[in-house]
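Chemist:
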Amino acid sequence: MRGNILSPEYMLSNAIALLLLVLAIKRPLISRAIISLIFLGAGCYNGILAIYYPARYLVYADLTASPLYETFIRGAFSRHITSYIMSIAVMQLITGILIGWKRGWMKAALGAAAFFLIAIAPLGAGSAFPCSVLLAIACMILIFDAGNESLPDALYRKYLNGADYDGKYK
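Following the numbering used here, the numbering of the sequence shown begins with 579 at its first residue and continues without gaps.
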């Protein structure tokens, strides 16, 4: 895996991912809210970068741990960066929104998030590996422990309504 794995950004990403994994077990509501925000933020960030600075994504060819990913990035991806990244950005925004939804949509979005995070893991240092794997595990935990409430309803009940809360959604 190439890239500076001792950089502050790399270490911080992995520390946050580990924290979110623990929160997925101990405080699923908080973990779910943060993961939703991460996907929303990533969608906005990637959308802006794809439009204004698409060539910045070519650095991932040098960071990936996968020769297959490197070949793809230097090949088809390099000729259509904005299209690929805008598609990813839109899906990240949709995923971030649906993680805050209820029941089936939320669980499908958490599954999509886990799938995406595992899919970017071969980027190695480019995905701050093992950060993406830790976040994928957190998403999988939330699928089985995220309850049925929408994120706004659950946050309102927990923090604004003063209702009793045992750490699990009902």
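Where a beta carbon is used, it is the ideal one built from N, C-alpha and C, also for glycine.
#1: Apart from the five residues just before and just after A690, which ones in its own chain have a Cβ nearer than 7 Å to its Cβ?
#2: Here's a check: name, in chain order, each residue in its chain whose Cβ is nearer than 7 Å to the Cβ of Y638, leaving out the five neighbours to either side.
#3: Below 8 Å, can you find three or more Cβ-Cβ pairs linking the segment 619–627 to the segment 725–742?
#4: Exposed or buried, what is K746 when buried is set at 16 or more other beta-carbons lying within 10 Å of its beta-carbon?
#5: Comparing C-alpha positions only, which one of R681, A628, M589 sits nearest to M664?
#6: What separation, rounded to the nearest whole angstrom, lies between the Cα atoms of K604 and L598?
#7: State the CB to CB distance for the pair A654 and L688, rounded to an integer number of angstroms; the pair is presumed to be in contact (CB under 8 Å).
#8: Mind checking which residues open and close the alpha helix (DSSP H) that includes L738?
#9: Measuring only between beta-carbons, confirm whether R634 sits less than 7 Å from chain D.
Modeler: Reading from the atomic positions:
#1: The residue you call residue 690 lines up with position 112 of the sequence shown. Taken in chain order, the residues that qualify are T673.
#2: The residue you call residue 638 lines up with position 60 of the sequence shown. Cβ neighbours of Y638 beyond the five flanking positions: I651, L701, G704.
#3: The segment 619–627 vs the segment 725–742: no contact.
#4: Locating residue 746 in the sequence shown gives position 168, counting from the first residue. Because the pLDDT of K746 is 49, which lies under 50, any placement of that residue in the model is unreliable, and the question is left without a value.
#5: Counted from its first residue, the sequence shown places residue 664 at position 86. Among R681, A628, M589, the Cα nearest to that of M664 is on A628.
#6: Residue mapping note: residue 604 aligns to position 26 of the sequence shown, counting from 1. Residue mapping note: residue 598 aligns to position 20 of the sequence shown, counting from 1. The C-alpha of K604 lies about 10 Å from the C-alpha of L598.
#7: As a working note, residue 654 is residue 76 in the sequence shown. As a working note, residue 688 is residue 110 in the sequence shown. About 29 Å; that fails the 8 Å criterion.
#8: Within the sequence shown, residue 738 is the residue found at index 160, counting from 1. Following the DSSP letters along the chain, one finds L738 in no alpha helix (DSSP H), marked with neither H nor E.
#9: Chain labels in this structure do not include chain D; a single protein chain is all it has.
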